[in-house]
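*Asks:* Sharing a structure here in structure tokens format.
Residue numbers (UniProt numbering): 1 to 392.
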């Protein structure tokens with residue numbers, strides 16, 4: 001595999017002015033990811049501050065319903081309520097080691113912004129968050145939390161006012177002051193080394209999951225995770241990629257249906273293109289213009305996808321399916337009813353695929369679903385959805 005690429009996907013497609021920062025970041029990442037003191041400090045934070053390891057929970061009632069062994073990797077129990085803190089606190093610590101005073105981030109559902117603001121407060125860093133104005137509206141609770149933690153929020157008014165526009169604005173701010181700003185990318189996207197670095201910091205999910213399954217003397221057959229940019233899926237998939245006996249399934253946002261214009265099913269409907277500094281699969285027209293995306297989930301409505309997932313899709317190592325808004329909401333409700341757990345809307349896309357997968361399986365299987373976050377942030381969205389309000 002070429003440096004900076006997963007197969008044909010990845011690379012660095014940013015202005016020359018950004019190359020210094022990318023090279024500086026790569027050098028720092030390669031140095032500190034092998035540094036014993038850095039790793040000890042990070043692992044201590046993950047254990048005592050974030051709350052790792054997260055449980056691998058046997059969902060007894062779902063297992064009874066579907067007649068298979070269903071396990072949930074409980075990333076929702078992390079401090080700040082999602083997997084995002086695994087990466088945010090690691091990058092913030094790296095920024096501090098590099099002597100940076102200010103970190104910035106993009107956010108969609110607000111979980112990465114919240115995690116970054118949290119890490120900044122802990123480590124004494126200035127923090128600014130870029131968030132689409134539509135997402136500011138539908139994730140008001142997380143916006144207030146970020147501000148309460150001391151972060152400055154930029155509500156991006158361009159385009160659809162969602163994650164794509166927030167990412168573009170964050171990149172522009174970073175390129176404009178590269179010497180002083182560290183850009184904490186929230187997903188396994190962007191120019192190299194970001195996809196590699198984010199996957200590395202999130203791979204603790206899969207490492208823990210593998211060890212927990214071994215302790216239970218269980219061999220997993222299927223791992224399912226929601227995919228927007230793809231960090232939670234990359235995190236749980238990565239340590240299982242070489243094990244061909246484990247089927248990896250990523251779930252995209254099917255929105256109102258993938259045969260309508262209102263979805264974010266990038267691998268099912270996209271083409272190879274360039275977005276936010278990387279070559280990957282992109283939802284675009286024949287002229288290369290980025291198409292609008294839609295999802296009830298603010299964390300999945302992104303028109304690109306991480307290059308690792310584009311590679312896993314093209315190489316057929318992983319399958320990627322789409323789940324509609326309605327299917328997602330039904331799964332969210334089912335988990336509440338059966339297990340007493342309120343999952344994030346993003347995670348509920350992965351849960352919803354159980355309804356499609358389980359009836360097709362001929363033998364009893366062990367299935368792990370990555371529960372990437374909790375649904376506290378989504379309660380207003382859920383109420384609005386029931387009233388027929390459509391965002392994005």
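We put the beta carbon where it would ideally sit given N, CA and C, even for glycine.
(1) Where are the beta strand (DSSP E) runs, 3 residues long or more, that stay fully inside the segment 41-105, in chain order?
(2) Given residue 154, which residues of its chain have a CB within under 6 Å of its CB, disregarding the five upstream and five downstream residues?
(3) Buried or exposed, going by whether 16 or more other CB atoms sit within 10 Å of the CB of residue 307?
(4) Between which two residues does the alpha helix (DSSP H) carrying residue 319 extend?
(5) CB-CB under 7 Å to residue 361, same chain, minus the five flanking residues each way: which ones, in chain order?
(6) In terms of DSSP beta bridges, what is residue 131 paired with?
(7) Apply the 10 Å Cβ neighbour rule to residue 259 and answer buried if 16 or more other Cβ atoms are within range, or exposed otherwise.
(8) Quick check: the segment 70-78 against the segment 364-372, are there 3 or more CB pairs under 8 Å?
(9) So for residue 160, helix, strand or coil by DSSP?
(10) Please state whether DSSP places residue 7 in a helix, a strand or coil.
(11) Just mark residue 16 as buried or exposed, buried being the case when its beta carbon has 16 or more other beta carbons within 10 Å.
(12) Taking the CB atoms as reference points, tell me whether residue 53 and residue 208 lie closer together than 8 Å.
(13) Between the segment 154-166 and the segment 93-102, do three or more beta carbon pairs fall short of 8 Å?
(14) Taking 8 Å as the cut-off, decide whether the C-beta atoms of residue 228 and residue 346 are in contact.
(15) Can you list, in chain order, the stretches of the beta strand (DSSP E) that have 3 or more residues and sit fully within the segment 162-226?
(16) May I ask which residues mark the beginning and end of the beta strand (DSSP E) holding residue 371?
(17) Along the alpha helix (DSSP H) that carries residue 394, what are the first and last residues, could you check?
(18) How big is the Cα-Cα spacing for residue 267 and residue 125?
(19) Looking only at its own chain, which residues have a Cβ that is under 6 Å from the Cβ of residue 274, when we skip the five neighbours before and after it?
(20) Quick one: any contact between the segment 288-301 and the segment 313-332, if contact means 3 or more CB pairs under 8 Å?
(21) Alpha carbon to alpha carbon, how far is residue 159 from residue 236? Give it in angstroms, no decimals.
(22) If distances are taken between C-alpha atoms only, which option among 378, 28 and 386 comes closest to residue 197?
(23) Which same chain residues, not among the five before or five after residue 10, have their C-beta less than 7 Å away from its C-beta?
(24) Look at the alpha carbon of residue 49 and the alpha carbon of residue 106, and state the distance between them as a whole number of angstroms.
(25) Would a C-beta distance cut-off of 8 Å place residue 91 and residue 184 closer than the cut-off?
*Replies:* Inspection of the coordinates gives the following:
(1) Entirely contained in the segment 41-105, the beta strand (DSSP E) runs reaching 3 residues are, in chain order, 56-58 and 69-74.
(2) 130
(3) Flag for residue 307 reads buried.
(4) Where residue 319 is concerned, there is no enclosing alpha helix (DSSP H), although the beta strand (DSSP E) it sits in stretches over 318-324.
(5) 68
(6) 107 and 155
(7) exposed
(8) yes
(9) coil
(10) coil
(11) exposed
(12) yes
(13) no
(14) yes
(15) 181-183 and 222-226
(16) 366-371
(17) Missing from the structure shown is residue 394; the chain here goes from 1 to 392 and no further.
(18) 37 Å
(19) 13
(20) yes
(21) 32 Å
(22) 28
(23) 4, 192, 195, 278, 279 and 307
(24) 23 Å
(25) yes
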